[in-house]
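Protein chains in written order, with our numbering: chain V, 1 to 213; chain C, 214 to 426; chain Y, 427 to 639; chain H, 640 to 852.
Where is the CB? At the ideal position from N, CA and C, for every residue including glycine.
Structure, as structure tokens:
There are 4 protein chains.
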Amino acid sequence: MVYQQTFKVAQKLAKKEKSIRWAALKLFDEKGYECSSIKEITRLAGVAAGTFYLYFRNKEQLFTSLIDEFYQQMIEDMRCRRKTMEADAQKKLSFSMQYFLKLFSEHRKLARLVLLQSRQDKVHRLVAAIHDELTGFIREDLEEAMDQGLIPAQDCRLTAQAIAGSYNQVILNWLSSEVTSPVEEVTGSLLSFALRGAGFKILEEKSEEGCRF
Amino acid sequence: MVYQQTFKVAQKLAKKEKSIRWAALKLFDEKGYECSSIKEITRLAGVAAGTFYLYFRNKEQLFTSLIDEFYQQMIEDMRCRRKTMEADAQKKLSFSMQYFLKLFSEHRKLARLVLLQSRQDKVHRLVAAIHDELTGFIREDLEEAMDQGLIPAQDCRLTAQAIAGSYNQVILNWLSSEVTSPVEEVTGSLLSFALRGAGFKILEEKSEEGCRF
Amino acid sequence: MVYQQTFKVAQKLAKKEKSIRWAALKLFDEKGYECSSIKEITRLAGVAAGTFYLYFRNKEQLFTSLIDEFYQQMIEDMRCRRKTMEADAQKKLSFSMQYFLKLFSEHRKLARLVLLQSRQDKVHRLVAAIHDELTGFIREDLEEAMDQGLIPAQDCRLTAQAIAGSYNQVILNWLSSEVTSPVEEVTGSLLSFALRGAGFKILEEKSEEGCRF
Amino acid sequence: MVYQQTFKVAQKLAKKEKSIRWAALKLFDEKGYECSSIKEITRLAGVAAGTFYLYFRNKEQLFTSLIDEFYQQMIEDMRCRRKTMEADAQKKLSFSMQYFLKLFSEHRKLARLVLLQSRQDKVHRLVAAIHDELTGFIREDLEEAMDQGLIPAQDCRLTAQAIAGSYNQVILNWLSSEVTSPVEEVTGSLLSFALRGAGFKILEEKSEEGCRF
DNA sequence: AATGAATGAGCCTTCATTCAT
DNA sequence: AATGAATGAAGGCTCATTCAT
Numbered sequence: 001m002v003y004q005q006t007f008k009v010a011q012k013l014a015k016k017e018k019s020i021r022w023a024a025l026k027l028f029d030e031k032g033y034e035c036s037s038i039k040e041i042t043r044l045a046g047v048a049a050g051t052f053y054l055y056f057r058n059k060e061q062l063f064t065s066l067i068d069e070f071y072q073q074m075i076e077d078m079r080c081r082r083k084t085m086e087a088d089a090q091k092k093l094s095f096s097m098q099y100f101l102k103l104f105s106e107h108r109k110l111a112r113l114v115l116l117q118s119r120q121d122k123v124h125r126l127v128a129a130i131h132d133e134l135t136g137f138i139r140e141d142l143e144e145a146m147d148q149g150l151i152p153a154q155d156c157r158l159t160a161q162a163i164a165g166s167y168n169q170v171i172l173n174w175l176s177s178e179v180t181s182p183v184e185e186v187t188g189s190l191l192s193f194a195l196r197g198a199g200f201k202i203l204e205e206k207s208e209e210g211c212r213f
Numbered sequence: 214m215v216y217q218q219t220f221k222v223a224q225k226l227a228k229k230e231k232s233i234r235w236a237a238l239k240l241f242d243e244k245g246y247e248c249s250s251i252k253e254i255t256r257l258a259g260v261a262a263g264t265f266y267l268y269f270r271n272k273e274q275l276f277t278s279l280i281d282e283f284y285q286q287m288i289e290d291m292r293c294r295r296k297t298m299e300a301d302a303q304k305k306l307s308f309s310m311q312y313f314l315k316l317f318s319e320h321r322k323l324a325r326l327v328l329l330q331s332r333q334d335k336v337h338r339l340v341a342a343i344h345d346e347l348t349g350f351i352r353e354d355l356e357e358a359m360d361q362g363l364i365p366a367q368d369c370r371l372t373a374q375a376i377a378g379s380y381n382q383v384i385l386n387w388l389s390s391e392v393t394s395p396v397e398e399v400t401g402s403l404l405s406f407a408l409r410g411a412g413f414k415i416l417e418e419k420s421e422e423g424c425r426f
Numbered sequence: 427m428v429y430q431q432t433f434k435v436a437q438k439l440a441k442k443e444k445s446i447r448w449a450a451l452k453l454f455d456e457k458g459y460e461c462s463s464i465k466e467i468t469r470l471a472g473v474a475a476g477t478f479y480l481y482f483r484n485k486e487q488l489f490t491s492l493i494d495e496f497y498q499q500m501i502e503d504m505r506c507r508r509k510t511m512e513a514d515a516q517k518k519l520s521f522s523m524q525y526f527l528k529l530f531s532e533h534r535k536l537a538r539l540v541l542l543q544s545r546q547d548k549v550h551r552l553v554a555a556i557h558d559e560l561t562g563f564i565r566e567d568l569e570e571a572m573d574q575g576l577i578p579a580q581d582c583r584l585t586a587q588a589i590a591g592s593y594n595q596v597i598l599n600w601l602s603s604e605v606t607s608p609v610e611e612v613t614g615s616l617l618s619f620a621l622r623g624a625g626f627k628i629l630e631e632k633s634e635e636g637c638r639f
Numbered sequence: 640m641v642y643q644q645t646f647k648v649a650q651k652l653a654k655k656e657k658s659i660r661w662a663a664l665k666l667f668d669e670k671g672y673e674c675s676s677i678k679e680i681t682r683l684a685g686v687a688a689g690t691f692y693l694y695f696r697n698k699e700q701l702f703t704s705l706i707d708e709f710y711q712q713m714i715e716d717m718r719c720r721r722k723t724m725e726a727d728a729q730k731k732l733s734f735s736m737q738y739f740l741k742l743f744s745e746h747r748k749l750a751r752l753v754l755l756q757s758r759q760d761k762v763h764r765l766v767a768a769i770h771d772e773l774t775g776f777i778r779e780d781l782e783e784a785m786d787q788g789l790i791p792a793q794d795c796r797l798t799a800q801a802i803a804g805s806y807n808q809v810i811l812n813w814l815s816s817e818v819t820s821p822v823e824e825v826t827g828s829l830l831s832f833a834l835r836g837a838g839f840k841i842l843e844e845k846s847e848e849g850c851r852f
């Protein structure tokens with residue numbers, strides 16, 4: 001009788017891969033990419049060292065896959081929503097940043113992984129690309145706003161970097177703090193900061209409202 | 214005569230240590246802490262591997278020392294100047310940030326080292342402490358400004374983080390870009406962004422002026 | 427009906443084993459015993475890795491079996507023909523060597539496997555035994571010829587080795603060369619060499635004729 | 640004080656490298672290239688595993704170096720002697736083969752290494768090149784002899800292969816036999832075989848004489 | 001009978017650190 | 001003070017073999 005991959009088996013496999021991903025994420029988060037060994041990852045995952053290579057080509061590909069799983073999809077989703085959104089630049093910007101914040105808060109480890117990972121590891125290019133992509137969204141909105149006269153003339157690329165930087169920093173601190181205060185506490189203030197910084201004339205009470213999604 | 218010799222020796226020693234620091238900085242910057250080996254560092258420095266351990270306890274301490282050399286001194290200097298400065302909060306904040314920017318632009322490699330280094334390596338605590346310190350300065354000024362009613366009520370800790378984050382990000386991009394445009398190009402816009410973000414009512418033309426030091 | 431099925435199954439089994447043998451032979455030939463993995467063999471054979479162990483005890487036994495399949499039978503056949511042959515020593519020797527040559531040329535891969543395989547692998551003893559056996563045939567004929575005064579007094583064991591060695595070398599080169607010239611081109615000259623070397627007084631024109639089988 | 644590599648130290652190093660070479664040679668000889676691990680080699684040599692890499696780039700280079708040490712020099716020497724030799728083809732051939740035999744008998748392990756090594760390992764090309772070189776010498780002499788009418792018309796390339804093959808085989812058997820009978824016992828008969836096989840008209844008593852070197 | 005996921009010992013290699021010189 | 005040879009633990013990865021399905 002031929003070997004038939006039953007549903008149950010497939011599920012077990014998926015579970016095993018998940019557990020490796022989980023272990024890797026935990027260790028990468030705690031000790032960094034370079035300092036986490038395959039052996040340690042697999043031990044934590046409860047599988048043999050060799051098993052790792054049934055699911056991943058090598059350590060680097062595991063990292064890539066970990067990042068991709070989350071980001072690729074997030075960026076895709078973001079791009080899609082933004083396209084179909086009928087709103088002015090400020091609303092779009094607000095939306096993007098809050099969406100961003102929300103996702104990060106739901107995937108703390110993964111988020112930290114991207115925000116913290118040494119940008120010198122072999123593994124950096126991928127992370128850099130993601131940062132660029134996200135900064136690109138912000139920049140687009142800023143340029144639209146500038147064209148419409150909503151904000152003063154400025155170097156939108158630079159402002160976008162500044163906004164992205166402020167977000168990264170604040171989120172990172174929030175993610176890293178032991179006390180997990182609700183992300184909403186942070187959202188409003190941070191958004192105000194960014195919008196004001198860019199030069200939007202915001203009415204304080206509106207900033208809060210406009211950000212539902 | 215004796216003194217003379219001692220001085221010469223001391224100089225030679227200092228030179229050797231310097232060359233190791235220089236080599237380490239170059240390699241850490243290019244390949245990251247984990248991926249730079251002692252052997253490579255000493256080869257680049259033109260000394261034997263064993264010599265390394267005459268000047269540094271181990272690899273970690275070299276890193277620490279590298280960071281300290283620059284930051285400890287910078288923070289000290291900054292704290293001192295701020296103390297003796299008679300100025301309002303906005304001016305102090307402006308000063309701090311531009312001082313910060315200037316120093317970074319004069320020590321590109323060292324700056325990149327701090328901004329880029331994986332915050333997960335064994336080596337992180339130190340870097341984190343420095344970030345906190347610098348953010349602390351910003352926060353102080355913001356709190357003072359808030360007390361004086363120059364900026365609206367806000368979570369100054371958070372705003373300080375946001376400002377620090379935006380600075381880090383922009384500087385990093387600037388440091389990493391091949392074309393080394395003058396830092397002044399960046400200074401003005403970035404400062405405006407930060408001040409506006411914090412809620413200062415700034416007159417655009419003043420922002421440029423007020424920042425000499 | 428039952429028989430029919432059994433037969434079919436048996437055939438299928440045989441086919442699967444065959445395909446493993448074939449794949450192993452191909453890979454052993456191309457990359458050597460040590461450098462061919464079971465996984466690769468089974469992949470090439472189109473079966474699962476585990477299936478291998480239904481047909482062979484382990485990798486070593488596969489090799490053994492591969493060699494045996496060909497040689498055992500060849501030696502048996504040779505021994506048998508030589509027994510029933512009525513001919514003088516020179517004829518017998520000629521026959522043996524040409525038979526040998528012909529078989530090799532018809533089983534290139536298998537031949538290369540025996541001639542090339544490291545004689546240091548775990549697997550060597552078997553191959554060595556075969557070489558000895560074949561050399562033994564040559565020696566028998568030489569001793570008979572010496573007894574009959576057809577060749578001068580000599581160390582027949584040594585001459586037999588020399589002849590076997592020259593055959594192996596030439597065949598190997600011929601097997602390994604890309605251009606597959608007909609083996610007959612080689613046969614005549616090689617045989618002349620061996621016979622002359624042993625001290626037979628051969629008439630050149632006869633050497634060619636006397637070798638049909 | 641600068642580290643000064645004294646003569647004593649240099650000697651110790653040379654001894655250490657020697658011991659690694661010796662251990663490798665022994666193990667390669669006993670178990671083959673693929674089956675000998677660096678760990679085992681270094682253990683046998685009495686050094687730590689890492690020490691290996693101070694002397695050799697990797698396992699392959701060790702093998703290469705082992706072979707080269709002996710062969711490169713031998714071939715060079717042979718080529719040189721042959722050039723300055725004033726003798727007919729038969730004498731030159733005799734000389735070459737006996738020189739060959741003598742060297743092999745003085746470097747048993749090294750000789751076995753070349754003669755036995757799997758010709759499929761990554762390491763094969765080098766060994767193959769050596770075989771070709773040596774066969775080349777024989778062929779040159781045969782062609783010269785053929786031109787001078789000393790031997791009948793024939794495919795000299797093939798005859799050279801046959802002669803080389805017979806030598807390899809006989810030497811190998813002799814090297815591998817436990818009882819180490821003097822090589823001279825073998826020399827005469829083997830040479831006679833080869834010369835007769837090539838078609839030289841030899842007077843038995845002369846063959847022995849002509850081979851001093 | 002057949003599968004292929006799982007294992008873990010073992011491979012080659014690197015590297016921070018020590019120590020005799 | 002300076003050297004660089006020596007160490008050996010640890011790294012990523014492969015592979016023959018086993019076993020639940």
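(request) Using a Cβ cut-off of 8 angstroms (strictly closer), state whether V:Cys156 contacts chain C. (result) In the first sequence, the residue the question calls residue 156 of chain V occupies position 156. The beta carbon of V:Cys156 does not come within 8 angstroms of any beta carbon belonging to chain C, so the residue lies off that interface.
(message) Residues of chain H with CB closer than 8 angstroms to the CB of Y:Ser585, please, in chain order.
(response) Residue 585 of chain Y sits at position 159 when you count from the first residue of the third sequence. The residue asked about is misnamed: residue 585 of chain Y is Thr in this sequence, not Ser. At a C-beta separation below 8 angstroms, Y:Thr585 has these neighbours in chain H: Ser828 and Phe832.
(request) Kindly indicate the opening and closing residues of the alpha helix (DSSP H) around Y:Ile464. (result) To locate residue 464 of chain Y, count along the third sequence from 1; it is residue 38. First-last of the alpha helix (DSSP H) with Y:Ile464: Ile464 to Ala471.
(message) Quick check on the DSSP output: the alpha helix (DSSP H) that includes H:Glu699 runs from which residue to which?
(response) What you label residue 699 of chain H is simply residue 60 of the fourth sequence in a count that begins at 1. For H:Glu699, the uninterrupted alpha helix (DSSP H) segment begins and ends at Lys698 to Lys722.
(message) On a Cα-Cα basis, can you pick out the residue from C:Arg370, C:Leu316 and C:Ser379 that is closest to V:Ala160?
(response) Taking the first residue of the first sequence as 1, we reach residue 160 of chain V at position 160. Per the Cα distances, C:Ser379.
(request) Report yes if the CB atom of V:Ser36 is closer than 8 angstroms to the CB atom of V:Leu27, and no otherwise. (result) By 1-based counting over the first sequence, the position of residue 36 of chain V is 36. By 1-based counting over the first sequence, the position of residue 27 of chain V is 27. Cβ distance < 8 angstroms, so V:Ser36 and V:Leu27 count as in contact.
(request) Have a look at H:Ala767 and H:Glu715 and give me their C-alpha separation to the nearest angstrom. (result) Position 128 of the fourth sequence, counting from 1, holds the residue named residue 767 of chain H. Position 76 of the fourth sequence, counting from 1, holds the residue named residue 715 of chain H. In this structure, the alpha-carbon of H:Ala767 lies about 17 angstroms from that of H:Glu715.
(message) With a threshold of 8 angstroms between beta carbons, is V:Met1 in contact with chain C?
(response) In the first sequence, residue 1 of chain V corresponds to position 1, counting from 1. Residue placement at V:Met1 is poorly supported in this model, since its pLDDT is 48, which falls under 50; the coordinates are not used for a value here.
(message) Quick check on this structure: which residue in V:Lys109, V:Ser189, V:Lys102 and V:Gly188 has the alpha carbon closest to the alpha carbon of V:Leu25?
(response) Your numbering for residue 25 of chain V matches position 25 in the first sequence. Nearest C-alpha to V:Leu25 among V:Lys109, V:Ser189, V:Lys102 and V:Gly188: V:Lys109.
(message) Among the candidates C:Arg295, C:Asp242 and C:Val260, whose CA atom is the shortest distance from the CA of C:Lys228?
(response) The count along the second sequence starts at 1 and reaches residue 228 of chain C at position 15. Nearest to C:Lys228 by C-alpha distance, out of C:Arg295, C:Asp242 and C:Val260, is C:Val260.
(message) According to DSSP, is Y:Ala449 part of a helix, a strand, or is it coil?
(response) Within the third sequence, residue 449 of chain Y is the residue found at index 23, counting from 1. Y:Ala449 falls in the helix class under three-state DSSP.
(request) Determine the direct distance from the alpha carbon of Y:Leu488 to that of V:Leu113, and round the result to whole angstroms. (result) Counting from one through the first sequence, the residue named residue 113 of chain V turns up at place 113. Counting from one through the third sequence, the residue named residue 488 of chain Y turns up at place 62. Roughly 49 angstroms between the two C-alpha positions.
(request) Look at V:Gln142 and V:Ile151 and say whether their C-beta atoms are less than 8 angstroms apart. (result) Translated into positions along the first sequence, residue 142 of chain V becomes position 142. Translated into positions along the first sequence, residue 151 of chain V becomes position 151. Looking at the sequence shown, residue 142 of chain V is not Gln but Leu. Contact flag set, yes.
(request) Note down the Cα distance separating V:Glu140 from H:Ala688, rounded to an integer number of angstroms. (result) Along the first sequence, read from residue 1 onward, the residue named residue 140 of chain V stands at position 140. Along the fourth sequence, read from residue 1 onward, the residue named residue 688 of chain H stands at position 49. V:Glu140 and H:Ala688 have their C-alpha atoms some 58 angstroms from each other.
(message) For V:Asp88 and V:Ala145, what's the separation of their Cα atoms in angstroms?
(response) In the first sequence, counting from the first residue as 1, residue 88 of chain V sits at position 88. In the first sequence, counting from the first residue as 1, residue 145 of chain V sits at position 145. Spanning the two alpha carbons is a distance of roughly 8 angstroms.
(message) Would you say Y:Glu460 lies against chain H (beta-carbon separation less than 8 angstroms)?
(response) Taking the third sequence and counting its residues from 1, the one referred to as residue 460 of chain Y is at position 34. So, interface residue.
(request) Grab the span of the alpha helix (DSSP H) containing Y:Gln574 for me, first residue to last. (result) Here residue 574 of chain Y is taken as the residue at index 148 of the third sequence, counted from 1. It is not in any alpha helix (DSSP H) - Y:Gln574 carries neither H nor E in the DSSP assignment.
(request) Please go through the same chain and pick out, in chain order, the residues whose beta-carbon is closer than 6 angstroms to the beta-carbon of Y:Ile589, but skip the five residues on each side of it. (result) On the third sequence, position 163 is the one that residue 589 of chain Y refers to. Hits under 6 angstroms: Ile564 and Ala620.
(message) Count Cβ pairs between the segment 307-316 of chain C and the segment 279-294 of chain C that sit closer than 8 angstroms; are there 3 or more?
(response) Judged by Cβ distances under 8 angstroms, the segment 307-316 of chain C makes contact with the segment 279-294 of chain C, as three or more pairs qualify.
(request) Below 6 angstroms CB to CB, which residues in the same chain sit around Y:Ser491 once its five sequence neighbours on both sides are set aside? (result) Here residue 491 of chain Y is taken as the residue at index 65 of the third sequence, counted from 1. Setting aside the 5 residues that flank it on each side, Y:Ser491 has no residue in the same chain whose C-beta is closer than 6 angstroms to its C-beta.
(request) List the residues of chain Y that H:Val825 touches, going by C-beta distances under 9 angstroms, in chain order. (result) In the fourth sequence, counting from the first residue as 1, residue 825 of chain H sits at position 186. Within chain Y, the residues near H:Val825 are Asp581 and Leu584.
(request) Determine the closest residue to H:Arg721 out of H:Tyr738, H:Asp707 and H:Glu708, with distance taken between C-alpha atoms. (result) Locating residue 721 of chain H in the fourth sequence gives position 82, where the first residue counts as 1. When each option's Cα is compared against that of H:Arg721, the closest is H:Tyr738.
(message) I need the DSSP call for H:Glu673, collapsed to helix, strand or coil.
(response) To locate residue 673 of chain H, count along the fourth sequence from 1; it is residue 34. H:Glu673: coil per DSSP, three-state reduction.
(request) Kindly indicate the opening and closing residues of the alpha helix (DSSP H) around C:Ala407. (result) Locating residue 407 of chain C in the second sequence gives position 194, where the first residue counts as 1. Annotation: the continuous alpha helix (DSSP H) that includes C:Ala407 extends over Glu397 to Ala411.
(request) Answer yes or no: does any C-beta atom of chain Y fall closer than 8 angstroms to that of H:Ala801? (result) Counted from its first residue, the fourth sequence places residue 801 of chain H at position 162. Yes, H:Ala801 lies at the interface with chain Y (some Cβ there is under 8 angstroms from its Cβ).
(request) Quick one: using the 10 Å Cβ neighbour count with 16 as the cut-off for buried, is V:Asn58 buried or exposed? (result) Here the question's residue 58 of chain V lines up with position 58 in the first sequence. Exposed.
(message) What residue range does the alpha helix (DSSP H) around V:Gly165 cover?
(response) Your numbering for residue 165 of chain V matches position 165 in the first sequence. Taken as a continuous stretch (DSSP letters only), the alpha helix (DSSP H) holding V:Gly165 covers Cys156 to Ser176.
(request) Sort V:Glu69, V:Glu34, V:Ile38 and V:Gly188 by Cα distance to V:Leu54 and report the nearest one. (result) Within the first sequence, numbered from 1, the residue matching residue 54 of chain V stands at position 54. It is V:Ile38 whose Cα lies nearest to the Cα of V:Leu54.
(message) Please determine whether the Cβ atom of Y:Cys461 lies at a distance below 7 angstroms from any heavy atom of the ligand ADP.
(response) With respect to the ligand ADP, the structure shown offers nothing to examine, as it has no ligands at all.
(message) Buried or exposed for H:Ala684, going by 16 or more other Cβ atoms inside 10 Å?
(response) Stepping through the fourth sequence from its first residue, residue 684 of chain H is reached at position 45. By the neighbour-count rule (16 or more Cβ atoms within 10 Å), H:Ala684 is buried.
(message) I want to see whether chain C comes within less than 8 angstroms of V:Lys96, judged by CB atoms only; does it?
(response) Against the first sequence, residue 96 of chain V aligns to sequence position 96. Reading the sequence as shown, one finds Ser at residue 96 of chain V and not Lys. Residue contact check for V:Ser96 against chain C: no CB pair falls below 8 angstroms.
(request) Using the Cα positions of C:Ile384 and C:Gln224, report the straight-line distance between them to the nearest angstrom. (result) Here residue 384 of chain C refers to the residue found at position 171 when the second sequence is read from its first residue. Here residue 224 of chain C refers to the residue found at position 11 when the second sequence is read from its first residue. Each residue's alpha carbon lies about 35 angstroms from the other.
(message) On the CB-based measure, 16 or more other CB atoms within 10 Å of its CB, does V:Ser192 come out buried or exposed?
(response) For the purposes of this step, residue 192 of chain V is taken as the residue at position 192 of the first sequence. Buried is the call here.
(message) What does the alpha-carbon distance come out to for the pair C:Trp235 and V:Lys8?
(response) Position 22 of the second sequence, counted from the start, is the residue given in the question as residue 235 of chain C. Position 8 of the first sequence, counted from the start, is the residue given in the question as residue 8 of chain V. Separation of C:Trp235 and V:Lys8 (C-alpha to C-alpha, rounded to the nearest whole angstrom) is 58 angstroms.
(request) Find the nearest neighbour of V:Ser176 within the set V:Lys91, V:Leu158, V:Ser94 and V:Leu116, judged by alpha-carbon distance. (result) Counted from its first residue, the first sequence places residue 176 of chain V at position 176. Its Cα nearest to that of V:Ser176, the residue V:Leu116 stands out among V:Lys91, V:Leu158, V:Ser94 and V:Leu116.
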